[in-house]
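Protein sequences appear in the order of chains A and B.
Sequential numbering from 806 applies to the first sequence in this note's numbering.
Sequential numbering from 245 applies to the second sequence in this note's numbering.
Note that CB positions come from ideal geometry on N, CA and C, so glycine has one too.
This structure is a prediction, so every number in the text was calculated from the model and none was measured.
Okay, so here's the structure we're looking at.
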Amino acid sequence: MADKYTDFTLQELMAVAAAREIQDGEKVIIGTGLPLIGAFLAQKTHAPNIVAIYESGAIDCKPIFTPFSVADPVLVPGAAMQGGLVEGLGVVHAGDLDVGFLGGAQIDKYGNLNAHVIGDYRNPKVRFAGSGGSNDIGAGCKRTIVMMLHQKQRFSEKVDFITTPGYLGGGKEREKMGFPGGGPSVVVSTMAILRFHPETKEMYLASYHPGLTVEDVKANTGWDLKVAPDVKETERPAPELIRILREELDPTGIFLKKK
Amino acid sequence: MKVSKVMTAKEAVAKFIGDGMTVLVGGFFHAIAYDITHEIMRQKKKHLTICTPSFNEHADQMIGSGCVDRIVSSYVWMEVFGPLYSFRRAMEKGIPHKIEMEDYTNFSMMARLVAGALGIPYVPVHSLKGSDMMKYSAWMGDNKVKLMKDPFGSGVEHAVVPALNPDIGYIHAQRSDEEGNFQLWGITGDAPWSMRACKQVIVSVEEIVSREVIGRDPNRTVLPGYKVVAVVEAPYGSHPKNSQGYYNVDRDFIFKYIQESRTEEGWKKFMDEWVYGVADRTEYLKKYIDTFGMKKFMSLKAKDMSSGSVNYGF
């Protein structure tokens, strides 16, 4: 029976990797798409007591199906509290939350994220959504989990625009800013898991996904990516987790596109 | 004698929304007054500055229609549904004309509105600092955001943002009395602060109820009715977004809009059909039912998940 769940897609691997980053009992602010699936997977498995919070002001949500949006009406019935943006992001701003999820069009080696433009801000080649709650989450959460498409132009020496500061220029630069939150702890990309050096705050390769090599990841990164001495393959998801993802969390394959 | 505030969307927009105004478009994925938005487009209002923390397709439609010169917001997109193409065409190519945007964050937008609602000039935030939103601004120049050292001696330097007091705001809620004491539940989004920050408010609602119904549950009222200048009764006024307890999000219709608006021609065709080709919400709903069928329309209706009432006795 478990056979059909030994194979997995890249999105499923990433959702499982994101779920592993969440500890039981933590207060987590959740976005849409993969982060949402990852947080729900954590809640259904090793972290049943997380408090799931959405910037729309839905706090401790127990939705009966997977929400499409941070403001999906399914979040409301059964929530412990429903407010608005001041409540949903106010708890982030106050430094109450343990974990937040972030994404973007570009990231640099210090985890600074761009969700605004490709090209010149005043005359953009491509204009994206903007911050939304990202910058607020990056400033306020104790740590953030970044999920990224891993391509050379996206993992860039320098981002075209800083939407959400990571460690800025590295070292103690972020600390000096006096944010309530601590910055990114991990990047879960489509190729690898990357973490940040405790002192220099530079991103390094911790593990590469099955089927890839260290060289593949380095070749798709826009700077000379440092590699952990104990670098290894990313842990493969257990079949039971794949079953939960496909059957319970995304039965119609909207978030985890079918292969 | 009191003049009634109850009127049609057409009357409310003609009477209270003028060219060049700064307009707070209320709602965060929920509570969006599509009926008012479409009426603004039909009346060809010009040079508007539209503000809200996060914008979806409604803003995209206003931008494409040429009503908007400036945006004050943190987000113009539709999450997993995809990008908003009129917004991108305007920002990237100046179609139908170049627009300017002051980029904030969701929380710093709320901070501006809270300051506006409380009548204080500015408020410090943890957001923005260290980002390029501090470096770039459009028409606001140095007055978009400033850095200020904590005057109480913590040594921390904060970004401070100025109060925002829009000329007028509009939102869709579940119910209101004729005086504009309106009640909103579910995801309240930018409300109540955004509405309290506005000089005047237009509210469109699913139902107009008596003052007595409002008074039975006054904790649910968003702002005192004296700020409200017009009350519009518009069932399904938030479609294709939802109104909690009345109808669900129409995801198919949102996908349809995003697909068709990929090209300028597709966008125009959609607008001619669903905005310019109908006189008001009643005609829009009739067209919806004619096009997609009564079964699809009824499938949007919300399930009954009524809460128990609370005792306000003393």
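Where Q887 (chain A) falls, given that 16 or more other Cβ within 10 Å makes a residue buried: Buried, because 16 or more other Cβ atoms sit within 10 Å of the Cβ of Q887 (chain A).
Any C-beta of chain B under 9 Å from that of R927 (chain A): Under the Cβ criterion of 9 Å, R927 (chain A) is counted among the residues facing chain B.
Contacting residues, own chain, Cβ-Cβ under 8 Å from P327 (chain B) (five flanking each side not counted): Setting aside the 5 residues that flank it on each side, P327 (chain B) is surrounded in the same chain by W321, I502, each with a C-beta closer than 8 Å to its C-beta; the list follows chain order.
Min CB distance G838 (chain A) to chain B below 9 Å: Closer than 9 Å: yes.
Distance CB(P878 (chain A))-CB(V466 (chain B)) smaller than 9 Å: No, the pair does not count as a contact, with Cβ atoms beyond the cut-off.
Cβ distance (whole Å) where A920 (chain A) is taken to contact G909 (chain A) below 8 Å: Sure, about 4 Å apart at Cβ, within 8 Å.
Pair within 9 Å by beta-carbon distance, A523 (chain B) and E255 (chain B): No, the Cβ-Cβ distance between A523 (chain B) and E255 (chain B) is not below 9 Å.
From B:R525, B:P368, B:Y528, B:R460, residue whose alpha carbon lies closest to that of F396 (chain B): Ranking B:R525, B:P368, B:Y528, B:R460 by CA distance to the CA of F396 (chain B) puts B:P368 first.
Interface flag, A546 (chain B) vs chain A, CB-CB below 9 Å: Contact of A546 (chain B) with chain A is assigned, a C-beta pair being separated by under 9 Å.
Nonlocal neighbours in the same chain, by C-beta distance under 6 Å from Y329 (chain B), ignoring five residues either side: S505, R506.
Neighbourhood of T1101 (chain A) by C-beta distance below 7 Å, restricted to the same chain and skipping five residues each side: The displayed coordinates of chain A run from 806 to 1064. Any statement about residue 1101 (chain A) would go beyond what the structure contains.
Candidates A:G971, A:V951, A:S1012, of which the one nearest D376 (chain B) by Cα: Residue A:G971 is the option with its Cα nearest to D376 (chain B).
Given 8 Å, three or more beta-carbon pairs between the region 1049-1058 of chain A and the region 413-425 of chain B: Too few Cβ pairs lie closer than 8 Å, so no.
Chain B residues whose Cβ lies nearer than 9 Å to that of F845 (chain A): Residues of chain B passing the Cβ test: none, with the nearest at roughly 15 Å.
Any chain B beta carbon closer than 9 Å to I842 (chain A): Taking Cβ atoms only, chain B never reaches closer than 9 Å to I842 (chain A), which makes this a no.
Residue-level contact to chain A via CB, G557 (chain B), 9 Å cutoff: Not an interface residue.
I923 (chain A) - containing beta strand (DSSP E), residue span: Counting along the chain, the beta strand (DSSP E) containing I923 (chain A) begins and ends at 922-925.
Residue of A:T1026, A:L880, A:H851 minimising C-alpha distance to R959 (chain A): For the residues A:T1026, A:L880, A:H851, the minimum Cα distance to R959 (chain A) belongs to A:T1026.
Rounded C-alpha distance that separates N350 (chain B) from I950 (chain A): C-alpha separation (whole angstroms): 19 Å.
Integer-rounded CB distance, given that V991 (chain A) should sit under 8 Å from R1000 (chain A): Indeed, because the Cβ distance is near 6 Å, the residues count as touching under 8 Å.
The region 398-416 of chain B contacting the region 260-277 of chain B, beta-carbon criterion three pairs below 8 Å: Yes, the region 398-416 of chain B is in contact with the region 260-277 of chain B.
Every unbroken beta strand (DSSP E) inside the region 324-371 of chain B [3 residues or more]: Counting only runs of 3 or more, we get 344-347, 366-369.
Inter-residue spacing [alpha-carbon to alpha-carbon] between K1064 (chain A) and E1052 (chain A): Any reading at K1064 (chain A) must be qualified, since the residue scores a pLDDT of 49, below 50, and its modelled position is unreliable; the value itself is stated next. Going by C-alpha positions, K1064 (chain A) is about 16 Å away from E1052 (chain A).
Within chain B, partners of F1001 (chain A) - CB distance below 8 Å: Near F1001 (chain A) there are no residues of chain B at all, since even the closest Cβ is about 16 Å away, more than 8 Å.
A334 (chain B), buried or exposed, once every other Cβ within 10 Å from all chains shown has been counted against 16: Per the 10 Å Cβ criterion, buried.
Assigned exposure category for A824 (chain A) - 16 Cβ within 10 Å defines buried: A residue is called buried once 16 or more other Cβ atoms fall within 10 Å of its Cβ, and A824 (chain A) is buried on that count.
Cβ pair I834 (chain A), G895 (chain A) closer than 9 Å: Using a Cβ distance threshold of 9 Å, I834 (chain A) and G895 (chain A) do not count as a contacting pair.
Proximal residues, the region 427-442 of chain B versus chain A, C-beta separation under 7 Å: Those would be G430, I431, T432, G433, D434, A435, W437, in chain order.
Sheet register partners of P989 (chain A) (DSSP bridge): In the DSSP output, where bridge partners are listed per residue, P989 (chain A) has A:T949.
Beta carbon of E323 (chain B) nearer than 9 Å to that of S874 (chain A): Cβ atoms of E323 (chain B) and S874 (chain A): closer than 9 Å.
Alpha carbon of N486 (chain B) to alpha carbon of G552 (chain B), nearest angstrom: Straight-line Cα distance between these residues: approximately 22 Å.
Within chain D, partners of F497 (chain B) - CB distance below 9 Å: Structure shown: chain D not included; protein chains present are A and B.
Three-pair Cβ contact test at 8 Å for the region 854-874 of chain A versus the region 1031-1045 of chain A: Counting Cβ pairs under 8 Å, fewer than three are found: no touch.
First through last residue of the alpha helix (DSSP H) which encompasses G905 (chain A): For G905 (chain A), no alpha helix (DSSP H) run applies; the uninterrupted beta strand (DSSP E) run containing it begins and ends at 904-907, by DSSP.
Chain A residues whose Cβ lies nearer than 8 Å to that of R332 (chain B): In chain order: V931, R932.
Y528 (chain B), enclosing alpha helix (DSSP H) - first and last residue: Annotation: the continuous alpha helix (DSSP H) that includes Y528 (chain B) extends over 525-536.
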